[in-house]
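Following the numbering used here, the numbering of the sequence shown begins with 85 at its first residue and continues without gaps.
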Amino acid sequence: MATVAEILAQTGMTKEQIDALDAKVISAFGGVLTQAQQEAQRAEEAAQRAEAERAAAAAELDKASLERRSNIDFYENKIVPSLTGWEEEKKRLQSEITNATAVANFYKTQNEGARESGFVPKEAPVFTPPAAPVTPPQSGSAYVTNAPGSTPGSPTFQFDPNAFKREMAGATLELENLRWKYGQLYGGQPLPIAPSELIAQAESQKLSPTDYAAKIFKFSEREAELAAARAKAHDDEIAKAAVAEEQRKHAEEVKKLQDDFNAKERQRIENGGNNPDVRQATTSRMAEVRRGVAEGVRPDPLKMTDAERRSATRKTIHGEIADREMAGASA
85 MATVAEILAQ
95 TGMTKEQIDA
105 LDAKVISAFG
115 GVLTQAQQEA
125 QRAEEAAQRA
135 EAERAAAAAE
145 LDKASLERRS
155 NIDFYENKIV
165 PSLTGWEEEK
175 KRLQSEITNA
185 TAVANFYKTQ
195 NEGARESGFV
205 PKEAPVFTPP
215 AAPVTPPQSG
225 SAYVTNAPGS
235 TPGSPTFQFD
245 PNAFKREMAG
255 ATLELENLRW
265 KYGQLYGGQP
275 LPIAPSELIA
285 QAESQKLSPT
295 DYAAKIFKFS
305 EREAELAAAR
315 AKAHDDEIAK
325 AAVAEEQRKH
335 AEEVKKLQDD
345 FNAKERQRIE
355 NGGNNPDVRQ
365 ATTSRMAEVR
375 RGVAEGVRPD
385 PLKMTDAERR
395 SATRKTIHGE
405 IADREMAGAS
415 A
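1. Just checking my contact of Pro293 with Leu275 at CB under 8 angstroms: how many whole Å lie between their CB atoms?
2. Are the CB atoms of Lys290 and Ala153 within a distance shorter than 8 angstroms?
3. From this set, Lys348, Glu329 and His334, which residue's C-alpha is nearest Ala411's C-alpha?
4. Helix, strand or coil, according to DSSP, for Asp384 in the structure here?
5. From the DSSP output, in three-state form, read off Phe303 for me.
6. Are three or more beta carbon pairs between the stretch 260-269 and the stretch 297-315 nearer than 8 angstroms?
7. Excluding the five sequence neighbours on either side, which residues of its own chain have a C-beta within less than 6 angstroms of the C-beta of Gly376, listed in chain order?
8. List the whole-angstrom C-beta distance separating Ala396 from Met388, where the pair is believed to meet the contact cut-off of C-beta under 8 angstroms.
9. Hey, how far is the Cα of Val204 from the Cα of Glu196?
10. Roughly how many angstroms lie between the CA atoms of Ala278 and Ala124, to the nearest whole one?
11. My assumption, with CB atoms under 8 angstroms, is that Thr95 sits in contact with Val327. Please give the rounded CB distance.
12. Within 10 angstroms of its Cβ, does Leu177 collect 16 or more other Cβ (buried), or is it exposed?
13. Starting from the N-terminal side, write out each stretch of the alpha helix (DSSP H) that is 4 residues or longer and does not extend beyond the stretch 100-159.
14. Is the CB of Ala328 under 8 angstroms away from at least one CB in chain C?
15. Whole angstroms is fine: what's the gap from Glu128's alpha carbon to Ala134's?
16. Consult DSSP for Lys206 and reduce its assignment to one of helix, strand or coil.
17. Under a Cβ-count criterion, where at least 16 other Cβ atoms within 10 Å of its own Cβ denotes burial, should Phe345 be classed as buried or exposed?
18. Would you report the Cα separation of Ala143 and Ala323, rounded to the nearest angstrom?
19. Helix or strand or just coil, what does DSSP make of Thr294?
20. Alpha carbon to alpha carbon, how far is Glu172 from Lys192? Give it in angstroms, no decimals.
21. Thinking Pro385 and Arg393 are a contact (beta carbons under 8 angstroms), I'd like their distance in whole angstroms, please.
22. Considering just the uninterrupted stretch of the alpha helix (DSSP H) at Ile283, what are its terminal residues?
23. DSSP three-state label for Gln273, please.
24. For the alpha helix (DSSP H) that contains Gly96, what are its first and last residues?
25. Which term fits Pro220, buried or exposed, when burial requires 16 or more other beta carbons within 10 angstroms of its beta carbon?
26. When you compare only the Cα positions, how much space is there between Asn261 and Glu321?
27. Could you tell me whether any non-hydrogen atom of the ligand ZN is closer than 7 angstroms to the CB of Ala396?
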């Protein structure tokens, strides 16, 4: 992870400018940066856990969906036709049993009559075979009852060209929508598989082409990724603006401190310099010295020895320095 100094260096500040920053500002900014990095790391870990849980849930959902579609397909294509065909098969078997019974009774009667009168038996009644199985309708067609020229009450297959055109137009529009959506989510790239292959795979999974494409191309996940990228870019702009504002405030604070220091330094130099126009005026202390000598609290300068005079001079200089330092500190 980048340090505070590295981030400030990336904004264009020099090493000298960074080193000149107040330690409290650096510490505060470092705390904010560390907290932001920790929050980002926790958010990333939570996102990874959520993604793993989502993937597991999606796998379970896909498994359950496939089982449900298989059950529905088995019921519609196996059970329902079997139940429908069983009714016809029952009628056919009943007809065969009736015909077989009639044939047996006929041959029995003829045999008994032949034995009694010697006549040749007549032919047995002809068996009528059951109707052929009905072919399922194709696209754009339908079964109708009581159609002209058909057996009353029986279904008849009829082809509807208008319905076929509507189905083809709907399928074409669905494929065009899929191409557009994939291009929107993946930077204008074309579909990675042919539409015919997509339709075949969707039919094998008992799904519509739209639902199957959304599953294998992860449309929902891609939309979430793009939304997260847009949110991150927005957050980065906000963070960049916050850093710029913090730098501006710090620069103003540094300038204020520097200006105050320069003003105090200029005043100190002027007060202690050799320029009589700006040097702080001082009053003569001769009257104070005479009063101290007269009262006996100060030695007479004219009667001091050289050693005493040097000692008094040092004390005076040290006192003036101390007074200037106190004056500068109070300012």
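Quick reminder that beta carbons are idealized off the backbone N, C-alpha and C, glycines included. Keep in mind it's a predicted model, so treat the numbers as computed, not measured.
Reading from the atomic positions:
1. Not quite, the Cβ-Cβ distance comes to about 11 angstroms (not below 8 angstroms), so this is no contact.
2. Residue 153 is actually Arg in this sequence, not Ala. In contact: Arg153 and Lys290 (Cβ atoms closer than 8 angstroms).
3. Lys348
4. coil
5. helix
6. yes
7. Arg382
8. 7 angstroms
9. Note on Val204: pLDDT 49, under 50, position unreliable in the model; the coordinate value appears next. Straight-line Cα distance between these residues: approximately 11 angstroms.
10. 41 angstroms
11. 7 angstroms
12. exposed
13. 107-158
14. No chain C is present in this structure, which holds just one protein chain.
15. 10 angstroms
16. Below a pLDDT of 50, predicted positions are generally treated as unreliable, and Lys206, at 48, falls in that range; the measurement from the model is reported next regardless. Lys206: coil per DSSP, three-state reduction.
17. exposed
18. 38 angstroms
19. helix
20. Inter-residue distance for Lys192 and Glu172 is about 30 angstroms (C-alpha atoms, whole angstroms).
21. The C-beta distance from Pro385 to Arg393 rounds to 7 angstroms, short enough to fall under 8 angstroms.
22. Pro279 to Ser288
23. coil
24. Where Gly96 is concerned, there is no enclosing alpha helix (DSSP H), because DSSP gives it neither an H nor an E.
25. Residue placement at Pro220 is poorly supported in this model, since its pLDDT is 48, which falls under 50; the coordinates still yield a value, given next. Exposed is the call here.
26. 34 angstroms
27. As presented, the structure is devoid of all ligands, the ligand ZN included, so that no description of it is given.
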